[in-house]
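Protein chains: 2
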Amino acid sequence: MEMPVPKGSVLNRKQELVARLQAVLPDEAVIHEPHETRVYECDALTAYKCAPLAAVLPSSTGEVSEVLKICHDMGVPVVPRGAGTSLAGGALPTADCVILGVAKMNDVLETNYADRYIRVQTGRTNLSVTGAVEEENFFYAPDPSSQLACAIAGNIAMNSGGAHCLKYGVTTNNLLGVTMVLMDGTVIELGGAHLDAGGLDLLGVVCGSEGQLGVVTEATLRILRKPEGARPVLIGFDSNEVAGACVSDIIKAGVLPVAIEFMDRPCIEATEAFAKAGYPMCEALLIVEVEGSDAEIDMQLGVISGIARQHNPVELRESTSAEESAAIWLGRKSAFGAMGQINDYMCLDGTIPVSSLPYVLRRISELSKEYGLGVGNVFHAGDGNMHPLILFDANKSGDLELCEQMGADILKLCVEVGGCLTGEHGVGVEKRDLMQTQFDAVDLEAQLRVKDVFDPDWLLNPSKVFPLSVTQSRREDAA
Amino acid sequence: MEMPVPKGSVLNRKQELVARLQAVLPDEAVIHEPHETRVYECDALTAYKCAPLAAVLPSSTGEVSEVLKICHDMGVPVVPRGAGTSLAGGALPTADCVILGVAKMNDVLETNYADRYIRVQTGRTNLSVTGAVEEENFFYAPDPSSQLACAIAGNIAMNSGGAHCLKYGVTTNNLLGVTMVLMDGTVIELGGAHLDAGGLDLLGVVCGSEGQLGVVTEATLRILRKPEGARPVLIGFDSNEVAGACVSDIIKAGVLPVAIEFMDRPCIEATEAFAKAGYPMCEALLIVEVEGSDAEIDMQLGVISGIARQHNPVELRESTSAEESAAIWLGRKSAFGAMGQINDYMCLDGTIPVSSLPYVLRRISELSKEYGLGVGNVFHAGDGNMHPLILFDANKSGDLELCEQMGADILKLCVEVGGCLTGEHGVGVEKRDLMQTQFDAVDLEAQLRVKDVFDPDWLLNPSKVFPLSVTQSRREDAA
Numbered sequence: 001m002e003m004p005v006p007k008g009s010v011l012n013r014k015q016e017l018v019a020r021l022q023a024v025l026p027d028e029a030v031i032h033e034p035h036e037t038r039v040y041e042c043d044a045l046t047a048y049k050c051a052p053l054a055a056v057l058p059s060s061t062g063e064v065s066e067v068l069k070i071c072h073d074m075g076v077p078v079v080p081r082g083a084g085t086s087l088a089g090g091a092l093p094t095a096d097c098v099i100l101g102v103a104k105m106n107d108v109l110e111t112n113y114a115d116r117y118i119r120v121q122t123g124r125t126n127l128s129v130t131g132a133v134e135e136e137n138f139f140y141a142p143d144p145s146s147q148l149a150c151a152i153a154g155n156i157a158m159n160s161g162g163a164h165c166l167k168y169g170v171t172t173n174n175l176l177g178v179t180m181v182l183m184d185g186t187v188i189e190l191g192g193a194h195l196d197a198g199g200l201d202l203l204g205v206v207c208g209s210e211g212q213l214g215v216v217t218e219a220t221l222r223i224l225r226k227p228e229g230a231r232p233v234l235i236g237f238d239s240n241e242v243a244g245a246c247v248s249d250i251i252k253a254g255v256l257p258v259a260i261e262f263m264d265r266p267c268i269e270a271t272e273a274f275a276k277a278g279y280p281m282c283e284a285l286l287i288v289e290v291e292g293s294d295a296e297i298d299m300q301l302g303v304i305s306g307i308a309r310q311h312n313p314v315e316l317r318e319s320t321s322a323e324e325s326a327a328i329w330l331g332r333k334s335a336f337g338a339m340g341q342i343n344d345y346m347c348l349d350g351t352i353p354v355s356s357l358p359y360v361l362r363r364i365s366e367l368s369k370e371y372g373l374g375v376g377n378v379f380h381a382g383d384g385n386m387h388p389l390i391l392f393d394a395n396k397s398g399d400l401e402l403c404e405q406m407g408a409d410i411l412k413l414c415v416e417v418g419g420c421l422t423g424e425h426g427v428g429v430e431k432r433d434l435m436q437t438q439f440d441a442v443d444l445e446a447q448l449r450v451k452d453v454f455d456p457d458w459l460l461n462p463s464k465v466f467p468l469s470v471t472q473s474r475r476e477d478a479a
Numbered sequence: 001m002e003m004p005v006p007k008g009s010v011l012n013r014k015q016e017l018v019a020r021l022q023a024v025l026p027d028e029a030v031i032h033e034p035h036e037t038r039v040y041e042c043d044a045l046t047a048y049k050c051a052p053l054a055a056v057l058p059s060s061t062g063e064v065s066e067v068l069k070i071c072h073d074m075g076v077p078v079v080p081r082g083a084g085t086s087l088a089g090g091a092l093p094t095a096d097c098v099i100l101g102v103a104k105m106n107d108v109l110e111t112n113y114a115d116r117y118i119r120v121q122t123g124r125t126n127l128s129v130t131g132a133v134e135e136e137n138f139f140y141a142p143d144p145s146s147q148l149a150c151a152i153a154g155n156i157a158m159n160s161g162g163a164h165c166l167k168y169g170v171t172t173n174n175l176l177g178v179t180m181v182l183m184d185g186t187v188i189e190l191g192g193a194h195l196d197a198g199g200l201d202l203l204g205v206v207c208g209s210e211g212q213l214g215v216v217t218e219a220t221l222r223i224l225r226k227p228e229g230a231r232p233v234l235i236g237f238d239s240n241e242v243a244g245a246c247v248s249d250i251i252k253a254g255v256l257p258v259a260i261e262f263m264d265r266p267c268i269e270a271t272e273a274f275a276k277a278g279y280p281m282c283e284a285l286l287i288v289e290v291e292g293s294d295a296e297i298d299m300q301l302g303v304i305s306g307i308a309r310q311h312n313p314v315e316l317r318e319s320t321s322a323e324e325s326a327a328i329w330l331g332r333k334s335a336f337g338a339m340g341q342i343n344d345y346m347c348l349d350g351t352i353p354v355s356s357l358p359y360v361l362r363r364i365s366e367l368s369k370e371y372g373l374g375v376g377n378v379f380h381a382g383d384g385n386m387h388p389l390i391l392f393d394a395n396k397s398g399d400l401e402l403c404e405q406m407g408a409d410i411l412k413l414c415v416e417v418g419g420c421l422t423g424e425h426g427v428g429v430e431k432r433d434l435m436q437t438q439f440d441a442v443d444l445e446a447q448l449r450v451k452d453v454f455d456p457d458w459l460l461n462p463s464k465v466f467p468l469s470v471t472q473s474r475r476e477d478a479a
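One line per chain: the protein sequences are S and P, in this order. Counted the way the UniProt record's numbering counts, the first sequence spans residues 1 to 479. Counted the way the UniProt record's numbering counts, the second sequence spans residues 1 to 479.
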């Protein structure tokens with residue numbers, strides 16, 4: 001889908017733009033030939049595609065500042081890009097934009113174990129942050145599924161979570177400070193390796209702002225000591241609702257597992273066919289993992305198994321060895337791949353209060369029947385972060401549109417029960433038109449005004465997050 | 001100290017203001033006689049005093065909105081007030097302002113144990129939030145020393161912490177959503193009982209904004225299950241530096257006590273004389289408390305005692321009973337009162353990276369000698385939140401000024417080592433002129449712009465947080 005080109009476009013000043021960018025960056029860091037820019041035409045939401053005007057790959061905060069000054073001066077929109085793994089189109093270009101990729105900026109700048117932080121350039125991948133500290137037995141907690149590829153820059157933009165965020169929180173709970181370049185090239189520092197400072201906590205508003213307030217080039221991240229041990233239990237139920245009620249009771253009991261993962265029958269079947277993890281064939285599976293010393297693990301699993309037994313599980317399998325633990329996780333970790341083998345799917349991302357799990361799962365299965373599209377549920381149940389996978393046939397005309405409509409209905413359902421449109425994937429282009437179901441006009445206006453002050457010309461990652469009608473009128477006002 | 005009265009003051013339109021306020025509130029909720037308004041002339045930073053023009057005590061979000069509309073319309077500054085326990089002058093009036101007190105708004109609106117939250121009006125006191133859920137064995141974690149008196153409104157304004165925030169985080173980590181009234185009377189909702197929603201996380205920027213962005217009238221707070229048990233250990237050392245190094249090593253080892261409290265010799269002596277807690281006479285004491293099951297407590301205290309022994313403690317006393325635990329905490333909880341018995345003191349509040357504790361403690365004792373003023377240190381060491389108490393004689397001319405100068409030097413030292421000006425007391429009037437030592441002009445400008453969009457006329461809690469020169473010129477620009 002092509003994005004609309006705003007008024008006053010620089011499409012016909014490309015030559016001047018490229019020359020100015022080449023004056024501040026090495027030649028190989030300025031990408032402008034059409035066959036090269038096509039590499040950046042989409043992120044992991046591949047249904048939307050649009051090649052940018054140019055792409056740049058700066059190597060330092062100073063170079064980022066120079067690039068932004070030029071774009072600001074020429075009124076050229078800038079779309080920041082981490083590793084391009086966004087499932088919401090967060091790094092989707094506009095035809096008149098410069099893609100600002102931070103991939104080259106992946107250095108570790110400082111590690112400090114006594115104060116438990118690491119400072120990195122934000123092009124560094126999520127997993128390699130842990131890689132830099134694991135010899136000292138530390139780790140970086142947020143663990144999105146894409147952690148092998150995704151960059152810290154994107155994690156900060158989307159406030160990414162992961163399977164373990166039930167215990168450790170999402171990116172915002174593990175981010176201590178950033179260096180950020182504003183659209184006019186100004187470099188600011190927010191937060192640091194200390195409790196939050198006086199004045200306004202702009203770090204919080206930057207985390208999850210989807211690259212619309214500035215380009216974050218360096219980040220100070222909390223690192224944690226690795227737990228002594230971890231052990232999962234696999235629990236099978238004969239209905240989604242009962243499994244949902246069990247999750248709700250575990251949370252209510254106040255034990256804090258590191259993860260409570262949920263899979264329903266379609267996912268279990270696909271996964272078993274694909275990965276042969278030895279899962280029982282039932283309606284719903286929970287994988288609950290706890291961490292700590294052996295004594296602590298025993299105690300926590302005792303409480304969890306006790307709660308599970310009250311819900312008449314068809315299976316309750318506590319791991320007794322590293323091999324059994326690996327087998328329990330194998331299926332869950334293969335689930336997305338397995339579903340992809342049998343069908344095209346759209347992966348949704350909404351959150352709900354945990355107590356609404358049984359109701360929401362029932363409504364999703366009703367919607368599945370109404371629309372005639374299958375749904376597989378595999379998600380982080382402990383914090384109510386749902387990932388329904390809607391199955392469709394990309395080669396069947398109209399199926400994608402039907403799927404998108406059903407997706408919107410499910411996300412509206414999440415908002416209705418007191419949840420929200422996105423847990424960890426962000427809004428991007430995918431959900432921008434649903435923002436008004438979540439926010440009243442006055443709530444949205446409060447956000448827009450903050451965007452206004454950071455980026456008065458609305459040049460940074462335009463046409464995302466907010467409904468297109470709003471974004472367009474804002475950009476026209478600015479122009 | 002009288003605050004400067006800005007141009008265009010409404011001091012001579014008081015009659016009109018009072019009449020308009022009385023039209024939207026019950027008579028007893030509008031306080032305007034000089035002998036009555038004097039009640040609101042200061043908060044817990046009693047060195048600064050100024051009676052307001054009037055004070056109002058609304059009972060609902062709707063009434064707050066009506067009050068703000070009137071003040072906005074007439075250009076009257078508004079100073080929001082929780083329980084008035086601010087140690088930084090956060091609720092200090094200006095002579096031309098209306099104090100907006102939320103004390104009457106203290107209802108519990110909803111409790112939900114399955115989703116682990118409580119929704120309250122923000123006039124409710126901190127401790128009575130736990131009071132509302134403790135029968136079900138839950139609690140609200142942030143626990144400022146003033147928790148018996150202080151209001152949730154003030155906790156949100158200052159992003160308050162407490163002894164237990166090492167493990168549970170400060171207010172921002174336990175706040176899920178708010179209802180907030182903007183200066184023009186608009187009511188907005190931020191966050192809710194779910195993971196953070198799409199768009200900009202304005203909840204984070206509101207928490208800690210010291211009542212300058214809006215008046216928070218309702219809050220959704222995370223509640224937690226009470227731990228099974230808790231046990232402290234008391235460790236004595238023969239120097240501050242060694243005690244500081246021990247704290248740093250405990251944090252580095254990755255165990256996470258609920259609290260690591262630090263007291264130095266002047267505090268130990270004053271406390272023993274006052275509370276007779278049976279503390280050993282030594283240079284520095286740590287109280288380290290861990291929580292969990294008995295097995296978990298044993299394991300954690302084993303690690304902590306092992307680390308402590310490497311630092312040659314002069315005393316290591318693990319509690320073996322509830323009585324011993326109470327005795328260990330008795331001294332710490334009496335420390336501020338005990339210091340107040342023997343001297344006037346100024347309580348500072350800065351944070352530093354934990355690894356800098358030994359250096360900062362040494363520098364503070366050097367400064368104490370340079371200025372000829374005693375210092376007692378009693379603070380939350382685990383997260384580097386220092387509370388040096390500078391001793392002075394309020395009746396001795398020039399002593400308070402000397403004390404303020406030394407306080408500024410200590411806070412600058414905190415910033416120098418990579419820490420910040422305030423951990424949990426906020427900036428208020430107390431530290432506004434030090435903000436430029438923490439923030440560059442561009443960093444500060446980013447904050448000021450956000451303040452601009454929420455409150456373009458700079459009417460909400462004016463003359464606080466930012467340096468007076470900046471605030472004044474901003475208000476004149478707005479006028």
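Glycine included, every Cβ here is placed at the ideal spot set by N, Cα and C. Keep in mind it's a predicted model, so treat the numbers as computed, not measured.
Any C-beta of chain S under 8 Å from that of residue i
i	result
P:M1	Any reading at P:M1 must be qualified, since the residue scores a pLDDT of 43, below 50, and its modelled position is unreliable; no value is offered.
P:G154	no
P:K431	yes
P:N461	no
P:A427	The residue you asked about is not Ala; residue 427 of chain P is Val in the sequence shown. Answer yes: the Cβ-Cβ gap between P:V427 and chain S drops below 8 Å somewhere.
Simplified DSSP assignment, three categories, for residue i
i	result
P:Q472	helix
P:T171	helix
P:E2	Caution applies to P:E2, whose pLDDT of 46 falls short of 50 and renders its modelled position unreliable; the model cannot decide the point.
S:G208	coil
Neighbour list for residue i in chain S, Cβ cutoff strictly below 7 Å
i	result
P:D452	V453
P:N174	Within chain S, no residue comes near P:N174; the closest Cβ sits about 11 Å away, beyond 7 Å.
P:N385	L195
Test: residue i CB closer than 8 Å to a CB of chain P
i	result
S:L200	yes
S:C420	yes
S:A478	no
S:S395	The residue you asked about is not Ser; residue 395 of chain S is Asn in the sequence shown. No, S:N395 lies away from the interface with chain P (no Cβ there is under 8 Å from its Cβ).
S:E283	no
Proximal chain S residues relative to residue i, where beta-carbon distance stays under 9 Å
i	result
P:T186	V442, E445, A446
P:T252	Note on residue identity: the sequence assigns Lys, not Thr, to residue 252 of chain P. Result: Y113, A114, D115, R116, R225.
P:V465	G198, G199, L200
Cross-chain neighbours of residue i in chain P, by beta carbon under 9 Å
i	result
S:Q438	A197, G198, G199
Beta-carbon proximity of residue i to residue j, cut-off 8 Å
i	j	result
residue 483 of chain P	P:G426	Because chain P here runs from 1 to 479, residue 483 of chain P falls outside it and cannot be looked at.
P:I235	P:A308	yes
S:A243	S:T220	no
Proximal chain S residues relative to residue i, where beta-carbon distance stays under 8 Å
i	result
P:I352	H194
P:C207	D201, G204
P:N159	D196, D201
Proximity test, residue i beta-carbon vs the ligand ZN heavy atom, cut-off 7 Å
i	result
S:N126	For the structure depicted, the ligand ZN is absent and the ligand set is empty, with no information on it obtainable.
For the 8 Å Cβ check, are there 3 or more pairs between the region 198-205 of chain S and the region 170-181 of chain S? Contact check between the region 198-205 of chain S and the region 170-181 of chain S: three or more CB pairs, one atom from each, fall below 8 Å, which counts as touching.
Exercise for the section: Kindly confirm or deny that the region 10-24 of chain P and the region 448-467 of chain S touch, where touching means at least three C-beta pairs closer than 8 Å. Expected result: No, they do not touch.
ask   = Is there contact here, the region 289-298 of chain S with the region 257-265 of chain S, by at least three beta-carbon pairs under 8 Å?
value = Output reads yes: the region 257-265 of chain S touches the region 289-298 of chain S.
Is the number of C-beta pairs between the region 271-285 of chain P and the region 343-357 of chain P that are closer than 8 Å three or more?
As far as the Cβ criterion goes, the region 271-285 of chain P does not touch the region 343-357 of chain P, which means the pair count is below three.
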